[in-house]
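In our numbering, the protein residues as written are 58 to 261. In this text, a Cβ means the ideal position worked out from N, Cα and C, and glycines have one as well. As the structure is a computational prediction, the values presented were derived from the model and not from experiment. One structure is given below, encoded as structure tokens.
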DNA sequence: CGGCCGATCCACT
DNA sequence: GTGGATCGGCCGA
């Protein structure tokens with residue numbers, strides 16, 4: 058399987074990349090365990106003009122500075138004091154764009170992910186919810202800012218790409234504070250039929 | 001320096 | 001469908 062290269066993350070905007078990441082395979086190798094699944098839900102956060110983004114209007118802090126880096130690194134942060142959320146930084150240096158990964162369909166290391174989720178059964182279903190996703194994959198705050206072209210967290214090309222009629226576009230979750238920007242159609246997901254079709258390409 | 005609050009999840013009812 | 005858990009970052013004083 059082919060690992061996505063830096064150039065993938067640095068071309069195009071966050072919306073195009075949110076769409077392009079559907080079907081790609083998010084993998085982690087953490088504590089000697091290789092786990093992962095193909096991405097089936099994303100949200101685009103387009104920095105400067107997006108009130109839902111941490112970097113709205115050029116806000117530049119210790120936390121958000123990572124979003125201004127060139128694409129191809131992770132942005133992991135703590136939400137509600139409990140959940141780590143995993144984002145992919147995209148675009149060129151100076152553009153604070155990122156894609157939030159919200160769900161995967163598990164294809165590797167399933168038993169270990171279930172262990173991390175205290176026995177929650179992930180086999181045969183999606184791992185929905187960005188906090189649960191990072192817990193299953195073993196991602197936490199120490200992975201903030203690391204390259205996605207390495208051997209700890211990386212993304213592989215899709216084995217099979219979802220077709221347009223398998224993709225749903227909606228407004229984003231939990232961004233009601235963002236005013237009009239809360240209505241932006243920046244959330245992308247593969248429908249149930251598409252998830253099952255893509256999953257079949259991972260079976261031996 | 002203090003207080004507020006969020007890109008959530010789960011265990012209740 | 002609702003509320004509690006739980007904490008770092010941010011803002012205003």
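In the structure shown, what three-state DSSP assignment does residue i receive?
{"i": "residue 200", "result": "helix"}
{"i": "residue 177", "result": "coil"}
{"i": "residue 116", "result": "coil"}
{"i": "residue 254", "result": "helix"}
{"i": "residue 225", "result": "strand"}
{"i": "residue 109", "result": "coil"}
{"i": "residue 135", "result": "strand"}
{"i": "residue 237", "result": "helix"}
{"i": "residue 8", "result": "As displayed, the chain neither begins before 58 nor continues past 261, which places residue 8 out of reach and without an answer."}
{"i": "residue 230", "result": "coil"}
On the DSSP bridge list, what partners appear for residue i?
{"i": "residue 212", "result": "83"}
{"i": "residue 93", "result": "84 and 165"}
{"i": "residue 146", "result": "155"}
{"i": "residue 130", "result": "204"}
Return the Cβ separation of residue i and residue j in integer angstroms, given the expectation that the two are a contact with Cβ distance under 8 angstroms.
{"i": "residue 219", "j": "residue 61", "result": "No, residue 219 and residue 61 are not in contact; Cβ-Cβ is about 16 angstroms, not under 8 angstroms."}
{"i": "residue 113", "j": "residue 154", "result": "Not really, about 12 angstroms apart at Cβ, beyond 8 angstroms."}
Going by C-alpha to C-alpha distance, which of the options sits closest to residue i?
{"i": "residue 59", "options": "208, 234 and 97", "result": "208"}
{"i": "residue 216", "options": "238, 188, 164 and 205", "result": "164"}
{"i": "residue 159", "options": "166, 95 and 200", "result": "95"}
{"i": "residue 173", "options": "184, 157, 192 and 100", "result": "192"}
What's the call for residue i, buried or exposed, on a 16-neighbour Cβ count within 10 Å?
{"i": "residue 251", "result": "buried"}
{"i": "residue 73", "result": "exposed"}
{"i": "residue 178", "result": "exposed"}
{"i": "residue 212", "result": "buried"}
Answer yes or no: the CB of residue i versus the heavy atoms of the ligand HEM, is any distance below 6 angstroms?
{"i": "residue 69", "result": "Absence of the ligand HEM from the depicted structure is noted, as is the absence of any ligand whatsoever, leaving it without description."}
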